[in-house]
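Going by the numbering used here, the sequence shown opens with residue 2, and the numbers climb by one from there.
Just so it is clear, CB atoms sit at the ideal spot from N, CA and C, and this is done for glycine as well.
Model, not experiment: these values are computed from the prediction.
Written below as structure tokens is the structure these notes are about.
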Amino acid sequence: MDILLVASAFNSLSQRVYAELSDQGHRVDVVLASHGPDAVRAAVREMRPDLVVAPMLKSAVPEDVWQEHTCLIVHPGPPGDRGPSSLDWAIAEGATRWGVTVLQAEAAMDAGDVWADGSFPMPPVGKSDVYRNEVADAATAAVLQAVRRYADGSYKPRPQSDPGIRVVWRDFFRQELRRIDWENDSTETVLRKLRGADSQPGVRDELCGREVFLHGGHPEDRLRGEPGELLATRSGAVCRATRDGAVWIPELRPRKSSGDPAPFRRPAASVLAGFPAPPGFHGTPGSSDRPYWLPEIAAPLELPQDRTTWTDIRYRQRGDIGFLTFSFPGGAMSTTHCRRLLAAYRYALSRATSVLVLGGARDFFSNGIHLNVIEASNDPAGESWSNLNAMNDLVEAVLRTTDRLVVAAVGGNAAAGGVMLALAADEVWCRTGSVLNPHYRNMGLYGSEYWTYSLPRRVGAETAERLTTEALPVSAATAEGIGLVDRLLPVPAQEFPGEVERLAAGLAGEPDLTERIAAKVTARHADELQRPLAEYRRTELARMRAIFFDPQAPYHALRSAFVRKLPGGSARPLAAGEAR
2 MDILLVASAF NSLSQRVYAE LSDQGHRVDV VLASHGPDAV RAAVREMRPD LVVAPMLKSA
62 VPEDVWQEHT CLIVHPGPPG DRGPSSLDWA IAEGATRWGV TVLQAEAAMD AGDVWADGSF
122 PMPPVGKSDV YRNEVADAAT AAVLQAVRRY ADGSYKPRPQ SDPGIRVVWR DFFRQELRRI
182 DWENDSTETV LRKLRGADSQ PGVRDELCGR EVFLHGGHPE DRLRGEPGEL LATRSGAVCR
242 ATRDGAVWIP ELRPRKSSGD PAPFRRPAAS VLAGFPAPPG FHGTPGSSDR PYWLPEIAAP
302 LELPQDRTTW TDIRYRQRGD IGFLTFSFPG GAMSTTHCRR LLAAYRYALS RATSVLVLGG
362 ARDFFSNGIH LNVIEASNDP AGESWSNLNA MNDLVEAVLR TTDRLVVAAV GGNAAAGGVM
422 LALAADEVWC RTGSVLNPHY RNMGLYGSEY WTYSLPRRVG AETAERLTTE ALPVSAATAE
482 GIGLVDRLLP VPAQEFPGEV ERLAAGLAGE PDLTERIAAK VTARHADELQ RPLAEYRRTE
542 LARMRAIFFD PQAPYHALRS AFVRKLPGGS ARPLAAGEAR
């Protein structure tokens, strides 16, 4: 069928639905509803779709469109649930299970007939993590089922007046409901409020006399202080005391009205570094990355099992297998992130193992360089350059590892340099719900991270050219089909780490493992003779340097629009007919 996706943004769910509908053989185009109702009408007139699907929509489909075409809306709540903040309410009320509904558009919000639905367990993680994983899994399955039912022509959707459907209206989840009472809220309550707003909209609060939004929350088991007191920093996050414990907050966002030149999410410690020190603190700021008046308390790389604290990089070993896991907010990796992960990787290489698993956590693997940190820098071009070189150093270290097998375990989405980081490994294992974007074009970049070496050697020169120029999302199944991924793991997000460990044990026990490792040495030597890695790097970086240090290059405007959520900053939508 010809299917038109109408979305407020071409976000993770929209990309997942696009990729999996395409895998089913449908011809799919995308129009952004954020461009206005006339843009939607124009796309419908041009494409004349058999079906309209809205995976993520913040505004109503124009009435003349849904009256003339069947329009299916994805609602992140069970049948009967209505309102704009369904998932927020589910987290706030401590729901252990939740659901998604695919319903037909009509005049009343979320009141249309139900074409399909699904349910899922609610894990104790942030809203955006649940959305990209459990919600996306259930929503995509429901959309595919609804599309099959529509194509069949015999299915009659259920009206929400059905006696088995309980209708519940949930109002917009306002900041007043998210407010943290540091004096009285328990740590559990604080974490629930932070997790319910981790990506958007954040929890409005005050730090050092300035209004900010708090993004993300993780428990701390040892540090304590007066409720609301800032206690320490760690790897860009800040620790704040609660009534009965403490929490780590990875990111802050200054209010737009604060006058801060960078009013967008970035590492909490770097935001605090620009704030005045509290009364009683004396000294001279020594870094723009963290406040000098708070101690930096590191966590051990090999964190004991009895610890419950936040750290974004961990190493553990099980016999002959090393596991180096990392999880950065939004999958973005700043210069500092890359350098710390490289140091951890070198530590992992110092351990006696035959298999090293890189990644393996649920949610994002990596999305490459950190555009928010770059945009906030006093020298965005220079920071772009530093960040890219740090990313290249990390990827090169993986490519040059010849004394063991390296597995990239991709539990969530990956894009740009993050995909190339995975491709540097010997094997790429990918959860079936992941979406890959192996390209740089949408940000006006040529790309680096040795992609001109890694991508063609896996998928061939022709497919590499197509992937990087079309700049379209790729499902995990398609990625496996073209050689981008070696093994699919068809498990829920919560089960991904355990399945990775099980499969890694099998890999470490394979009788030909020693021969495979020896073959790596030979292959790397042959590739180096044909064309040194340094040459790939020089060529790619020459192209990237020309972009970074050209003030007129589209990259700078695209980056700024993306980070600041301005028009033109979303991932490139498809013009009607382009995907064909």
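Continuous alpha helix (DSSP H) stretch holding residue 557: start and end: Per DSSP, the continuous alpha helix (DSSP H) segment holding residue 557 begins and ends at 555 to 565.
Per DSSP, residue 282 forms a beta bridge with which residues? Bridge pairing for residue 282: absent [DSSP].
How many Å lie between residue 534 and residue 118 at the Cα? About 49 Å.
On the DSSP letters alone, give me the boundaries of the alpha helix (DSSP H) that residue 432 sits inside. That residue, residue 432, is in no alpha helix (DSSP H); its beta strand (DSSP E) goes 428 to 432.
From the DSSP output, read off the bridge partner residues of residue 297. Answer is 234, bridged to residue 297.
Go ahead and pull the three-state DSSP assignment for residue 116. Looking at residue 116 - three-state DSSP - the assignment turns out to be strand.
Look at the alpha carbon of residue 555 and the alpha carbon of residue 35, and state the distance between them as a whole number of angstroms. It is roughly 21 Å from the alpha-carbon of residue 555 to the alpha-carbon of residue 35.
At the level of alpha carbons, what is the spacing between residue 482 and residue 16? Between the alpha carbons of residue 482 and residue 16 lies a gap of roughly 18 Å.
With a 10 Å radius around its C-beta and 16 neighbouring C-beta atoms as the bar for buried, classify residue 109 as buried or exposed. If you draw a 10 Å sphere on the C-beta of residue 109, you find fewer than 16 other C-beta atoms in it, and that means exposed.
Determine the closest residue to residue 87 out of 374, 57, 232, with distance taken between C-alpha atoms. The residue with the shortest Cα to Cα distance from residue 87 is 57.
Opening and closing residue of the beta strand (DSSP E) in which residue 221 lies: DSSP places residue 221 in the uninterrupted beta strand (DSSP E) bounded by 219 to 221.
Can you give me the C-alpha to C-alpha distance between residue 73 and residue 369, rounded to a whole angstrom? Answer to the nearest angstrom: the Cα atoms are 34 Å apart.
The region 444 to 463 contacting the region 548 to 567, beta-carbon criterion three pairs below 8 Å: Yes, the region 444 to 463 is in contact with the region 548 to 567.
For residue 142, report the span of its alpha helix (DSSP H) as first-last. Segment 137 to 153, the alpha helix (DSSP H) holding residue 142.
With a floor of 3 residues, list each beta strand (DSSP E) that falls wholly inside the region 178 to 265, ordered by position along the chain. List check, beta strand (DSSP E) in window: 204 to 208, 211 to 216, 219 to 221, 231 to 235, 238 to 242, 247 to 250, 252 to 255.
Considering only the alpha carbon of each residue, which of 342, 332, 237, 265 lies closest to residue 311? Taking residue 311 as reference, the option from 342, 332, 237, 265 with the minimal CA-CA separation is 237.
Sort out for me which residues DSSP pairs residue 665 with in a bridge. The first residue shown for the chain is 2 and the last is 581, placing residue 665 beyond what the model contains.
Cβ shell of residue 96 (< 6 Å), same chain only, five flanking positions each side left out: The residues 123, in chain order, have a CB closer than 6 Å to that of residue 96 in the same chain once the five nearest residues on each side in sequence are set aside.
Counting Cβ pairs closer than 8 Å, one from the region 405 to 425 and one from the region 356 to 365, do we hit at least three? The region 405 to 425 is in contact with the region 356 to 365.
What span of residues does the alpha helix (DSSP H) with residue 518 cover, start to end? Residues 514 to 531.
Can you confirm whether the region 229 to 245 touches the region 265 to 276 when touching is taken to mean that 3 or more C-beta pairs between the two stretches lie within less than 8 Å? Yes, the region 265 to 276 is in contact with the region 229 to 245.
Are the beta-carbon atoms of residue 14 and residue 151 separated by less than 8 Å? Their beta carbons are not under 8 Å apart, which means residue 14 does not touch residue 151 by this criterion.
Would the beta-carbon of residue 298 fall within 8 Å of that of residue 342? Remark: C-beta atoms of residue 298 and residue 342 do not approach each other more closely than 8 Å.
Ignore the nearest five residues each way along the sequence and tell me which others in residue 251's own chain have a CB closer than 8 Å to its CB. Cβ-Cβ distances below 8 Å link residue 251 to 216, 217, 219, 237, 238, 268, 269, 311, 313, 330 in the same chain, with the five nearest sequence neighbours on each side left out; the list follows chain order.
Report yes or no: do the region 375 to 392 and the region 496 to 509 share at least 3 C-beta pairs separated by less than 8 Å? Not touching, per the Cβ criterion.
What's the C-alpha gap between residue 55 and residue 480? So the alpha carbons of these two residues sit roughly 25 Å apart.
Endpoints, the beta strand (DSSP E) within which residue 105 is located: Run containing residue 105: 98 to 105, per the beta strand (DSSP E) assignment.
Here's the rule: buried if 16 or more other CB atoms are within 10 angstroms of the residue's CB, otherwise exposed. What is residue 207? Flag for residue 207 reads exposed.
Can residue 440 and residue 468 be called in contact, C-beta distance under 8 Å? Pairing residue 440 with residue 468 gives a Cβ-Cβ distance under 8 Å.
Rounded separation between residue 243 and residue 191 - CA only: Approximately 8 Å between the Cα atoms of the pair.
In this structure, does DSSP put residue 370 in helix, strand or coil? DSSP, reduced to helix, strand and coil, places residue 370 within a strand of the structure shown.
With 16 as the cutoff for other CB atoms within 10 Å, does residue 63 come out buried or exposed? Per the 10 Å Cβ criterion, buried.
Between the C-alpha atoms of residue 253 and residue 203, what's the straight-line distance to the nearest angstrom? Distance between the alpha carbons of residue 253 and residue 203: 8 Å.
Along the chain, where does the beta strand (DSSP E) containing residue 172 start, and where does it finish? From DSSP, residue 172 is part of no beta strand (DSSP E); its letter is neither H nor E.
Mind checking which residues open and close the beta strand (DSSP E) that includes residue 488? First-last of the beta strand (DSSP E) with residue 488: 488 to 490.
Integer Cβ distance of residue 459 from residue 437, believed to fall under 8 Å: A Cβ-Cβ separation of about 12 Å leaves residue 459 out of contact with residue 437 under the 8 Å criterion.
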